[in-house]
Amino acid sequence: MNKSTEPSFTSTTTDHVPNVSIAVIFHSNYGHTKRVAEAIVKGAHQQLPETQAKAVDVHDVDWDYLDQADLLVFGSAVYMGSVTAEFKTFMDETSKRWYHRKWEGKWAAAFANSGGLSGDKLAVLQQIALYAMQHGMNWIGLPLMPTGHEEHDLNRLSSFLGLMTQSLDGPPEETPGSGDIDTAIWFGDHLAKTIIKHQPAASKS
């Protein structure tokens, strides 16, 4: 018997809002990767107010928000086995932050989207993980067992280093499919729970 693939969330309903924030930084040429980024933010909003979890396009970066955020989630489409040129430009633009260790100690996570089932998404997740390690950040993976390998299943591509999604040749409203989007929502919820759990004791109510 197949298990239910509906994602499970626990919303924060207390009067004490966690003092943490998330920035989901992405590049998307056709809207598919943007849809995944927005799904991750939607999941994070299960735990955090809207102002504390935002999607950030690499073409319109709010550097002040990134610098104060507790968690930076990096996401790119996969082009020729790598992040896109635009996302690599963003990475290179953080070199002064790297030099001055501005992001050291922050949390980091990543996602990759491609047209193929593999599409060398693992190479992109590894590339971003190395980038995060260069900055001295702490990595959060995707600890979700696959519920199956059909279009509606959670973590159907069996990725654990980060989130992998697949978009077919269609509008972003239709692809990636429901399982990948639900996994992105689950991922955002998990990321928010993780940084809430590990926020400094002095900031906890």
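Quick note on full-length UniProt numbering: the sequence shown kicks off at 1 and runs consecutively. Ideal Cβ placement from N, Cα and C applies to all residues, glycine included.
- Straight-line spacing of the CA atoms in Gln52 and Gln46 works out to 11 Å.
- Under the three-pair Cβ rule at 8 Å, the segment 70-81 counts as touching the segment 114-131.
- Distance from the CA atom of Leu161 to the CA atom of Leu142, rounded to whole angstroms, is 6 Å.
- Ranked by Cα distance from Thr94, the options Asp153, Asn113, His152, Ala132 are led by Ala132.
- Nearest neighbour of Ser118 by Cα position, chosen from Tyr30, Asp64, Leu163, turns out to be Leu163.
- Around the beta carbon of Gly188, 16 or more other beta carbons sit within 10 angstroms, so the residue counts as buried.
- One alpha carbon belongs to Ser114, the other to Ser167, and they sit about 6 Å apart.
- With a beta-carbon spacing of about 5 Å, Thr183 and Leu154 fall inside the 8 Å limit used to define contacts.
- Taken atom to atom, the span from the alpha-carbon of Ser178 to that of Ala109 is near 21 Å.
- Taking Met91 as the centre and dropping the five residues before and after it, the same chain places the C-beta of Tyr131 closer than 6 Å to its C-beta, in chain order.
- The criterion of a C-beta distance shorter than 8 Å is not satisfied by Val36 and Leu191.
- A Cβ-Cβ distance of about 5 Å is found for the pair Val24 and Ala55, placing them in contact under the 8 Å criterion.
- Assignment of Ile140 by DSSP, reduced to helix, strand and coil, places it in the coil class.
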